[in-house]
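Numbering (my numbering), first residue to last: 9 to 477.
Glycine included, C-beta positions come from ideal geometry on N, C-alpha and C.
Notes follow once the structure below has been shown.
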């Protein structure tokens, strides 16, 4: 059985469909044919029984048969010609009428002759071995008072011959139906799978050429149309992902070129000084070393941001858990104070619990605070507020132009006032992605009185869940 199933699975899909259709039609035709044959047989048998029950030998036929067998009379002309006539007495003796065949006497016939039963309907056989249907009833000889069992029987081959012809006819029709069903199934499979063939060719073309611009025409609302739409959506997503990857690589190369060029220039000056023996003035040397250190710091920051964006869970995000936003903000503030020791921080952090990835959320808040530290003037103030689930960070720096606000969360985008400052242009992009994955919103807006205010809104509650309480 498993070998047959394996061979079926090895067939092409259209061949399997055609085979399944032919098999289903064959089973259906066979069931209908068998039911038709059984119904016809039952009907013919019922009609034969009805005919036998309605047939009653005349007194003359019975008397003549009795006289012929037991008295020696002459054959009468009014015998039954369409059935076999036989008389049975209570002792089991029988008298077969002329033009009739002798039928074996059964206990049912004797019971009728003995007066135990009024009639009996059963199958029997002649002395020649032919199957017959027998109907035995009681009849009384006229004038003598003798009660006899009269059996009237007809051959069953009348029915079997018709049934055999019907079986042959049904078998032929079933064979023709199965062949027609197989051909129709193959045609239907080819017509139905034509869109699948087209889809297969398209997939093979994409795999061979990596051309993600190919689209499959969608017609209707059936499963093939859904599959085509899904394929088109998949190729569109892959094309978009590849474009974003290409832009990321191009932008990263562009951003890396500047610090690398500056770093190479400074190192070449230091190397040339060592080779030629010309010492660089101490102040210039310190400036070069500070520049090298700054460029290395910028490279390290850029590489870290790129690693953050290229994490395997960068799209879906890591596991979310309930965390205290006020505690994460306080931890990020400690790091921000180290980066801006000359700045003052005004804070108001009210408890707020959210579902987020702790490490990613802290990095996002650190990036927002770093921007505030970076753009704040020396001795300035950074205002940090967390109330009712909204975290705001406000600096008193130069601010961002209204026309630049729509671009602040794009990768590698930097405002005109930030291009002279260290940074990769990826920080706010990471912030936006992290907050969105946590189900929140983030925006930058001009602050009243100057500067910029970053606002982060995350769904949560002011009290921890019981598991954290």
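Subject >> Under the three-state DSSP convention, the category residue 431 falls into >> reply: Here residue 431 is taken as the residue at index 423 of the chain shown, counted from 1. With a pLDDT of 47 at residue 431, under the threshold of 50, the predicted position of this residue should be treated as unreliable, and no value is reported.
Original post:
In this structure, does DSSP put residue 389 in helix, strand or coil?
Top reply: In the chain shown, counting from the first residue as 1, residue 389 sits at position 381. Here residue 389 sits in strand by DSSP.
Original post:
Within this structure, are the beta carbons of residue 480 and residue 121 separated by less than 9 Å?
Top reply: In this structure the chain extends from 9 to 477, so residue 480 is not present and cannot be described.
**OP:** With a 10 Å radius around its C-beta and 16 neighbouring C-beta atoms as the bar for buried, classify residue 390 as buried or exposed.
**Re:** By 1-based counting over the chain shown, the position of residue 390 is 382. Burial call: buried.
Original post:
Quick one: what does DSSP say residue 219 is sitting in, helix, strand or coil?
Top reply: Taking the chain shown and counting its residues from 1, one reaches residue 219 at position 211. In this structure, residue 219 counts as coil in the three-state DSSP scheme.
**OP:** Output the distance between the C-alpha atoms of residue 63 and residue 176, rounded to the nearest integer angstrom.
**Re:** Residue numbering aside, residue 63 sits at position 55 when the chain shown is read from its first letter. Residue numbering aside, residue 176 sits at position 168 when the chain shown is read from its first letter. Taken atom to atom, the span from the alpha-carbon of residue 63 to that of residue 176 is near 32 Å.
Subject >> Sub-9 Å separation of residue 51 and residue 161 beta-carbons >> reply: By one-based count along the chain shown, residue 51 stands at place 43. By one-based count along the chain shown, residue 161 stands at place 153. No Cβ-Cβ contact shorter than 9 Å links residue 51 with residue 161.
**OP:** Pull up the distance between the alpha-carbon of residue 350 and that of residue 436, whole angstroms please.
**Re:** One-based indexing of the chain shown puts residue 350 at position 342. One-based indexing of the chain shown puts residue 436 at position 428. Rounded to the nearest angstrom, the two C-alpha atoms are 24 Å apart.
Subject >> Buried versus exposed call for residue 373 [16 or more other C-beta atoms within 10 Å across all chains shown] >> reply: For the purposes of this step, residue 373 is taken as residue 365 along the chain shown, with counting starting at 1. By the Cβ neighbour-count rule, residue 373 is buried, with 16 or more other Cβ atoms within 10 Å of its own.
Original post:
So, residue 450 versus residue 197, is the Cβ gap smaller than 9 Å?
Top reply: Within the chain shown, numbered from 1, the residue matching residue 450 stands at position 442. Within the chain shown, numbered from 1, the residue matching residue 197 stands at position 189. No, they are not a contact pair.
Original post:
Looking at the structure shown, is residue 131 part of a helix, part of a strand, or coil, going by DSSP?
Top reply: Sequence index remark: in the chain shown, residue 131 carries index 123 (1-based). Per DSSP, reduced to three states, the secondary structure at residue 131 is strand.
**OP:** Starting from residue 329, follow its DSSP beta bridges and name the residues at the other end.
**Re:** Working through the chain shown from its first residue, we reach residue 329 at position 321. Beta-bridge pairing links residue 329 to 364.
**OP:** Let me know the secondary structure DSSP gives residue 463 once reduced to three states.
**Re:** To locate residue 463, count along the chain shown from 1; it is residue 455. In the structure shown, residue 463 sits in a strand (DSSP, three-state: E or B).
Original post:
Roughly how many whole angstroms lie between the Cα atoms of residue 145 and residue 163?
Top reply: If you number the chain shown from 1, residue 145 lands on position 137. If you number the chain shown from 1, residue 163 lands on position 155. Taking the straight line joining both Cα atoms gives about 18 Å.
**OP:** Consider the Cβ of residue 173: report whether some Cβ of chain D lies at a distance smaller than 9 Å.
**Re:** The displayed structure is made up of one protein chain only, and chain D is not part of it.
Original post:
Taking all protein chains shown into account, do 16 or more other C-beta atoms lie within 10 angstroms of the C-beta of residue 35, making it buried, or fewer, making it exposed?
Top reply: The sequence position of residue 35 within the chain shown is 27, counting from 1. Under the 10 Å beta carbon count, residue 35 is surrounded by fewer than 16 other beta carbons and is classified as exposed.
Subject >> Terminal residues of the beta strand (DSSP E) in which residue 401 lies >> reply: Working through the chain shown from its first residue, we reach residue 401 at position 393. Taken as a continuous stretch (DSSP letters only), the beta strand (DSSP E) holding residue 401 covers 398-402.
Original post:
DSSP state of residue 170, grouped into three classes?
Top reply: As a position in the chain shown, residue 170 is number 162, starting the count at 1. If DSSP states are grouped into helix, strand and coil, residue 170 belongs with the helices.
Subject >> Backbone CA spacing between residue 165 and residue 148 [nearest angstrom] >> reply: Stepping through the chain shown from its first residue, residue 165 is reached at position 157. Stepping through the chain shown from its first residue, residue 148 is reached at position 140. The straight-line gap from Cα to Cα measures roughly 31 Å.
**OP:** Measuring alpha carbon to alpha carbon, tell me which of 251, 384 and 446 ends up nearest residue 366.
**Re:** Walking along the chain shown from the start, residue 366 turns up at place 358. It is 446.
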